[in-house]
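Heads up, the sequence shown is in full-length UniProt numbering, so the first residue is 1 and it goes up one at a time.
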Amino acid sequence: MHLLPNDDLPRRAYGITTLKVKVGRRPARLDTDVVRALRVGLGDDVELYVDANRGWSASESARAMQEMSDLGLTFAEELCPADDVLGRRWLVQQLDVPFIADESVATPADVTREVLAGSANAISLQRSGRWAHLWRIVGEYANVSIFDVDSNETLHELLSGLPLFPYMDIYVTPLAPHPSAIS
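This is the structure in structure tokens:
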């Protein structure tokens, strides 16, 4: 299987070091084979993580992640449905990589559910305007990572709220070396 026709040069030129691979098809082998081919084609210097968009059950997710356990995946995102709270908690306990909740945490109640149930190791928040309340929940109840700032507006909101969150560590990784580098 040849998935990467001369792909390495543009990736390196733009400094792309991490790839999110959308998975979640059935049978899961369709996706695990693709992720394996990407790892072989891109080598070990590229971070890979998978996002199933809640497409697998908890048991399918565990089997798929076991099949990919030798690939050095960085994260696993939204592998199974959010309403399977016990399955997600079980899966978090089984995985060797952090399980990220993303689109399943659209409200403060969703964040509370994930944190209190122990059904995620990290939460990706991309909805502007809810940061302060959501961070307060996470900061008070658990040591859960939050990442994925998706806009300048959200970054401004994050930075202006720093004095309210003494328990937070902030790391910023720019996607381009300078704004003028974006064409």
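Ideal Cβ positions, reconstructed from N, Cα and C, are used throughout, including at glycine.
Which residues does DSSP list as the beta-bridge partners of Leu-19? By 1-based counting over the sequence shown, the position of residue 19 is 19. DSSP, once it has assigned bridges, lists Leu-48 as partnering Leu-19.
Anticipated Cβ contact below 8 Å, Leu-38 with Val-21, distance rounded: What you label residue 38 is simply residue 38 of the sequence shown in a count that begins at 1. What you label residue 21 is simply residue 21 of the sequence shown in a count that begins at 1. Between Val-21 and Leu-38 the Cβ distance is about 6 Å, and since that is below 8 Å, they are a contact.
With DSSP collapsed to three states, give me the class of Glu-60. What you label residue 60 is simply residue 60 of the sequence shown in a count that begins at 1. Reduced to three states, the DSSP call for Glu-60 is helix.
Going along the chain, which residues of its own chain have a beta-carbon closer than 7 Å to the beta-carbon of Trp-56, five neighbours each way excluded? Position 56 of the sequence shown, counted from the first residue, corresponds to residue 56. Excluding sequence neighbours, Trp-56 sits near Gly-24, Ala-28, Ala-64, Leu-79 and Cys-80.
Can you give the Cα-Cα distance for Glu-67 and Ala-106, rounded to whole angstroms? By 1-based counting over the sequence shown, the position of residue 67 is 67. By 1-based counting over the sequence shown, the position of residue 106 is 106. Computed Cα separation, rounded: 30 Å.
Which residue comes first and which comes last in the beta strand (DSSP E) that contains Ala-101? Along the sequence shown, one-based indexing puts residue 101 at 101. Start and end: 99-101.
What does the alpha-carbon distance come out to for the pair Tyr-14 and Asn-53? Here residue 14 refers to the residue found at position 14 of the sequence shown. Here residue 53 refers to the residue found at position 53 of the sequence shown. Their backbone Cα atoms lie some 27 Å apart in a straight line.
Any beta carbon of chain B sitting closer than 8 Å to that of Val-40? Given the protein chain composition of this structure (a single chain), no chain B is represented.
Alpha carbon to alpha carbon, how far is Trp-90 from Thr-32? Give it in angstroms, no decimals. Taking the sequence shown and counting its residues from 1, the one referred to as residue 32 is at position 32. Taking the sequence shown and counting its residues from 1, the one referred to as residue 90 is at position 90. Straight-line Cα distance between these residues: approximately 21 Å.
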